[in-house]
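*Asks:* Those protein sequence lines, which keep their order, are chains A and B.
Mapping of the first sequence onto the numbering used here: residues 103 to 529, in sequence order.
Mapping of the second sequence onto the numbering used here: residues 103 to 529, in sequence order.
Ideal Cβ placement from N, Cα and C applies to all residues, glycine included.
As the structure is a prediction and not an experimental result, all values here were calculated from the model.
Number of protein chains: 2
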Amino acid sequence: MSKNKSFLSLPTEGQGAVLGDNNPAQSKKSRVTTMERALVRRLLQILNKPAIAIVLWDGEPVTESTATDLIRMEIRDRGALYKLLSHPNLNFGDLYSIGRIEIDGDLLAFLKMIYVAAADSKKISFLKKYVSDLINKPRTNSLRGSKDHINHHYDLGNDFYDLWLDQEYLQYTCAYFPDPEMSLEAAQKAKMEHVCRKLQLKSGETVVEAGCGWGGLARYMARHYNVQVRSYNISHQQILYARERAKQEGLDHLIEYVEDDYRNISGSYDVFVSVGMLEHVGKQNFRELGEVMHRCLKEDGRGLIHSIGRNKPQLMNAWIEKRIFPGGYTPSIGEMMDIFEYRNFSVQDVENLRLHYAKTLEHWSQRFEENANTVEDMYDAHFVRAWRLYLNGSIAAFSTGTLQLFQIMFTRPRKHDLPWSREHIYK
Amino acid sequence: MSKNKSFLSLPTEGQGAVLGDNNPAQSKKSRVTTMERALVRRLLQILNKPAIAIVLWDGEPVTESTATDLIRMEIRDRGALYKLLSHPNLNFGDLYSIGRIEIDGDLLAFLKMIYVAAADSKKISFLKKYVSDLINKPRTNSLRGSKDHINHHYDLGNDFYDLWLDQEYLQYTCAYFPDPEMSLEAAQKAKMEHVCRKLQLKSGETVVEAGCGWGGLARYMARHYNVQVRSYNISHQQILYARERAKQEGLDHLIEYVEDDYRNISGSYDVFVSVGMLEHVGKQNFRELGEVMHRCLKEDGRGLIHSIGRNKPQLMNAWIEKRIFPGGYTPSIGEMMDIFEYRNFSVQDVENLRLHYAKTLEHWSQRFEENANTVEDMYDAHFVRAWRLYLNGSIAAFSTGTLQLFQIMFTRPRKHDLPWSREHIYK
Numbered sequence: 103m104s105k106n107k108s109f110l111s112l113p114t115e116g117q118g119a120v121l122g123d124n125n126p127a128q129s130k131k132s133r134v135t136t137m138e139r140a141l142v143r144r145l146l147q148i149l150n151k152p153a154i155a156i157v158l159w160d161g162e163p164v165t166e167s168t169a170t171d172l173i174r175m176e177i178r179d180r181g182a183l184y185k186l187l188s189h190p191n192l193n194f195g196d197l198y199s200i201g202r203i204e205i206d207g208d209l210l211a212f213l214k215m216i217y218v219a220a221a222d223s224k225k226i227s228f229l230k231k232y233v234s235d236l237i238n239k240p241r242t243n244s245l246r247g248s249k250d251h252i253n254h255h256y257d258l259g260n261d262f263y264d265l266w267l268d269q270e271y272l273q274y275t276c277a278y279f280p281d282p283e284m285s286l287e288a289a290q291k292a293k294m295e296h297v298c299r300k301l302q303l304k305s306g307e308t309v310v311e312a313g314c315g316w317g318g319l320a321r322y323m324a325r326h327y328n329v330q331v332r333s334y335n336i337s338h339q340q341i342l343y344a345r346e347r348a349k350q351e352g353l354d355h356l357i358e359y360v361e362d363d364y365r366n367i368s369g370s371y372d373v374f375v376s377v378g379m380l381e382h383v384g385k386q387n388f389r390e391l392g393e394v395m396h397r398c399l400k401e402d403g404r405g406l407i408h409s410i411g412r413n414k415p416q417l418m419n420a421w422i423e424k425r426i427f428p429g430g431y432t433p434s435i436g437e438m439m440d441i442f443e444y445r446n447f448s449v450q451d452v453e454n455l456r457l458h459y460a461k462t463l464e465h466w467s468q469r470f471e472e473n474a475n476t477v478e479d480m481y482d483a484h485f486v487r488a489w490r491l492y493l494n495g496s497i498a499a500f501s502t503g504t505l506q507l508f509q510i511m512f513t514r515p516r517k518h519d520l521p522w523s524r525e526h527i528y529k
Numbered sequence: 103m104s105k106n107k108s109f110l111s112l113p114t115e116g117q118g119a120v121l122g123d124n125n126p127a128q129s130k131k132s133r134v135t136t137m138e139r140a141l142v143r144r145l146l147q148i149l150n151k152p153a154i155a156i157v158l159w160d161g162e163p164v165t166e167s168t169a170t171d172l173i174r175m176e177i178r179d180r181g182a183l184y185k186l187l188s189h190p191n192l193n194f195g196d197l198y199s200i201g202r203i204e205i206d207g208d209l210l211a212f213l214k215m216i217y218v219a220a221a222d223s224k225k226i227s228f229l230k231k232y233v234s235d236l237i238n239k240p241r242t243n244s245l246r247g248s249k250d251h252i253n254h255h256y257d258l259g260n261d262f263y264d265l266w267l268d269q270e271y272l273q274y275t276c277a278y279f280p281d282p283e284m285s286l287e288a289a290q291k292a293k294m295e296h297v298c299r300k301l302q303l304k305s306g307e308t309v310v311e312a313g314c315g316w317g318g319l320a321r322y323m324a325r326h327y328n329v330q331v332r333s334y335n336i337s338h339q340q341i342l343y344a345r346e347r348a349k350q351e352g353l354d355h356l357i358e359y360v361e362d363d364y365r366n367i368s369g370s371y372d373v374f375v376s377v378g379m380l381e382h383v384g385k386q387n388f389r390e391l392g393e394v395m396h397r398c399l400k401e402d403g404r405g406l407i408h409s410i411g412r413n414k415p416q417l418m419n420a421w422i423e424k425r426i427f428p429g430g431y432t433p434s435i436g437e438m439m440d441i442f443e444y445r446n447f448s449v450q451d452v453e454n455l456r457l458h459y460a461k462t463l464e465h466w467s468q469r470f471e472e473n474a475n476t477v478e479d480m481y482d483a484h485f486v487r488a489w490r491l492y493l494n495g496s497i498a499a500f501s502t503g504t505l506q507l508f509q510i511m512f513t514r515p516r517k518h519d520l521p522w523s524r525e526h527i528y529k
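1) Taking a cut of 9 Å between CB atoms, which residues from the segment 270-282 of chain A lie near chain B?
2) Under 8 Å, do Arg516(B) and Phe447(B) count as touching if we go by C-beta distance?
3) Shortest alpha-carbon distance to Gly247(B) belongs to which of Phe262(B), Phe427(B) and Cys314(B)?
4) So, helix, strand or coil for Ala312(B), using DSSP?
5) Using a Cβ-Cβ cut-off of 8 Å, state whether Met439(A) counts as contacting chain B.
6) Within this structure, are the beta carbons of Ala324(A) and Leu353(A) separated by less than 8 Å?
7) When you compare the CB positions of Val134(B) and Leu149(B), do they come within less than 8 Å of one another, or not?
8) Can you find a C-beta in chain A that's less than 8 Å from the C-beta of Pro515(B)?
9) Applying the 10 Å Cβ sphere with the 16-neighbour rule, what's the burial state of Lys349(B)?
10) Counting only Cβ pairs nearer than 7 Å, list the residues of chain A close to Gln506(B).
11) Which residue comes first and which comes last in the alpha helix (DSSP H) that contains Ile148(B)?
12) Do Met511(A) and Lys293(A) have their C-beta atoms within less than 8 Å of each other?
13) Can you confirm whether Ile407(B), when its beta carbon is compared against all beta carbons of chain A, has any partner nearer than 8 Å?
14) Tell me the residue span of the alpha helix (DSSP H) that contains Phe212(A).
15) The segment 448-465 of chain B: which residues have C-beta closer than 7 Å to a C-beta of chain D, in chain order?
16) Sorted by chain position, which residues of the same chain lie with C-beta nearer than 6 Å to His296(A)'s C-beta, five sequence neighbours on each side aside?
17) Taking beta-carbon pairs under 8 Å, can you tell me which members of the segment 138-156 of chain A lie near chain B?
18) Measure the beta-carbon distance from Val452(B) to Val375(A) and round it to whole angstroms, keeping in mind my assumption that it falls under 8 Å.
19) Quick check on the burial criterion: 16 or more other C-beta atoms within 10 angstroms. Buried or exposed for Asp363(B)?
20) Along chain B, in chain order, which residues have C-beta atoms closer than 8 Å to that of Tyr528(A)?
21) Between the segment 497-508 of chain B and the segment 474-481 of chain B, are three or more C-beta pairs nearer than 8 Å?
22) Which of the three DSSP states, helix, strand or coil, is assigned to Ser368(B)?
23) Could you compute how far the alpha carbon of Lys304(A) sits from the alpha carbon of Tyr327(A)?
24) Expressed to the nearest angstrom, what Euclidean distance is found between the alpha-carbon atoms of Arg139(A) and Leu172(A)?
25) Select from Asn419(A), Glu351(A) and Leu507(A) the residue whose C-alpha is nearest the C-alpha of Pro190(A).
26) Pull up the distance between the alpha-carbon of Val360(A) and that of Leu319(A), whole angstroms please.
27) Going by DSSP in three states, Thr170(B) sits in which element: helix, strand or coil?
28) So which residues on chain A does Asn494(B) lean against when the C-beta distance must stay under 8 Å?
29) When the cut-off is 8 Å and only beta carbons count, does Ser434(A) lie next to chain B?
30) Do you know whose CA, among Tyr492(B), Tyr431(B) and Asp264(B), lies nearest Lys214(B)'s CA?
31) What ranges does the alpha helix (DSSP H) occupy inside the segment 426-453 of chain B, keeping only unbroken runs of at least 4 residues that lie completely in it?
32) According to the neighbour-count rule (16 or more other Cβ atoms, all chains shown, within 10 Å of its Cβ), is Lys107(B) buried or exposed?
33) Using alpha carbons as the reference points, say which of Ser244(A), Glu204(A), Cys276(A) and Val218(A) lies closest to Thr462(A).
34) Starting from Arg404(B) and walking both ways along the beta strand (DSSP E), at which residues does that stretch end?
35) Taking C-beta pairs closer than 8 Å, name the residues in chain B that Tyr334(A) reaches, listed in chain order.
As structure tokens, then:
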């Protein structure tokens, strides 16, 4: 397998100029000034004095905590410190990925502490908003832009995702763990079943899917509910995989995978479903998504959108938006309502599955680490570190309550044959 | 029982000046002009030609429908026609209440037709928005204003509501019919049980309730879950009734009914609950309600708000706002998020119980009609007609999808011991 580094065009140690700082090798030898140490203390104070020791390039730890069990964060050169201070959200990820910052201890515990501190710190919230507004303007997702953004992430190679996703349905979205001890494979099937029950799928109905990943949900629906599914996706590699797999499993007469943008959905359907695509849509396109649903849903149609969200409007973490999900945005429920309100869709059910995503990510992270050597062979060590940070950062975000996962089930306003309770979902 | 007409200060037939029009008795005798007949035709066209015949004061029906089974709407004098045309949302209710407009046939079927037509007509939506913005500015709900508004409706007399609400808990809010055939009494208990299960009440916990009506939910919670409840209400008559009833049932050691505004809630609680009060809060006060919740909920607290709502932002029906619920506003989910987002509350579950409210209102309407003579003795015939219109109009609004009923369950952001599924609600 050829090395594929296009995902992260990260600066290496010898490429300090990319990050615009001094030669890191040189700065390692230089003394840490009193002012630099004071800056680090100030940073720890803003973070409410977490149980962290910051070890600068002279080997001396700085801490504001009285705890005995400190996690050590090593900042290995002067340039790294100033990059971190200038835009922590963005540069921490890059610096960690290339090893100019190292966490000596439990990375996940460290990230959880940072998430909690950031949420609690009024100074950080202000700073984040100010800096975010200046630097992290959400990118537009034009038809062309979306394709670039999606290729960036999903065309990394099916072999890569196959290493750590569930084996049967390759679901790269939050699973559902009604029993937290169940396997990832069982929980991904439980998620798809949960979605189908909320939608009350009936044999012979037509379903349109916006963003289908490797086609797993379409196969599940076709196999277990005998529905006709038309699934849209702009990731070429995913579509090829999905078509091949449906054919192998004898489901291709029920499923059509269309390599196209959700905005080009045509036809008329009983059900609209979108699991894990809204994060890529961008809030400036929510009303247009509502128009697509309006165009393609029958008069008594119903639908479900499953997406990462927030308790309140907040920009994406800058590093995630830059390196992992370009064009991504995780909206609050209030923001999501832009999709539904203009065309008078009626929201029937919203469920928050936050802890289920933390659990899903723990499974992914464990499998990823079991295959870290293979991933390093496929890409390189920086890629492994970046991906490790992304997975652990996501666990931290969901488990501390920084991110949410919403399933929103909706209908047309005049759909009157609604179930009298949600008990049918749990039978 | 003394006659109480303060609720509706409606103009009578002899008081045409109140509605600012000509003497209705005189206008009855005058000819209907060609222009007036054309105006009525235009009105029916705007309404998409419903199966309605409008009968003017000369006895001649006007219709645009080709249906054979027409509902007849009689406009009994010229002044009534012009009042209706000048502000239909507001004046239809008054004119119907005093008998200058009569519906000859099924009132509910007529109202449903009007609701559907109004929702579908682009001209009406535009007109409504324009007229609403000018005339129907939402009133502010200051501490004093709220008390006046609430007295207007809820201090009509406990005896009146006792005639047609469920007998055990006097719930003047949407019931829950997991089986649509169950009795109103059973469905109101099912509603309270549903709320308690969503909140996962545990024995010994503390609950604060914002707006408690006649105190039924507090009694249910204390009786079945052994929790300490503190319930706020600014309706004097309701508070007196609630205290007396809790004492009779030996629950007063667990419940404190406080005659005060929700904004004055003090103390610290495990659970916040508010069933059917948000409609009276007004959207300009949503953030302040969030502040109240923030102040009174413990760090791992949880809560539930149950309220009438909309698929999209829309002003109250002008007549309902003027005559029935002054200061009332029924928000969309997007608007409701103002309560939660600023203080980072985490919405866990939203359920839409629209059809349950239509069913509840059908029960109320039936009982009301069975007691119409008694109500007329207590008030007068206009009161009965106004109330009949309000109940049937509400059935029409919920059953056609103009109004929704949302239950929103939420927690503090760091509440991590959440159930792994909602199955516990259905056991």
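*Replies:* Straight from the coordinates:
1) Tyr278, Phe279, Pro280, Asp281 and Pro282
2) No, they are not a contact pair.
3) The shortest Cα separation from Gly247(B) among Phe262(B), Phe427(B) and Cys314(B) belongs to Phe427(B).
4) strand
5) Interface residue, yes.
6) yes
7) no
8) yes
9) Around the Cβ of Lys349(B), a 10 Å sphere holds fewer than 16 other Cβ atoms; the residue is exposed.
10) Ser448
11) Thr136 to Ile148
12) no
13) no
14) Leu209 to Asp222
15) Checking the listed chains, one finds no chain D in this structure; the protein chains it contains are A and B.
16) Tyr278
17) none
18) Here Val452(B) is actually not in contact with Val375(A); their C-beta atoms are around 19 Å apart, not less than 8 Å.
19) buried
20) Ser523, Arg524, Glu525 and Tyr528
21) Counting Cβ pairs under 8 Å, fewer than three are found: no touch.
22) coil
23) 6 Å
24) 18 Å
25) Asn419(A)
26) Going from the Cα of Val360(A) to the Cα of Leu319(A) covers about 14 Å.
27) coil
28) By Cβ distance, chain A contributes nothing, its closest Cβ being about 18 Å from Asn494(B), past 8 Å.
29) It does; some Cβ of chain B falls within 8 Å.
30) Tyr492(B)
31) 435-443
32) Legend: pLDDT at Lys107(B) = 42, less than 50; position of this residue unreliable, no value from coordinates given.
33) Cys276(A)
34) Leu399 to Gly411
35) Under the 8 Å cutoff, chain B gives no residues; its nearest Cβ is about 26 Å from Tyr334(A).
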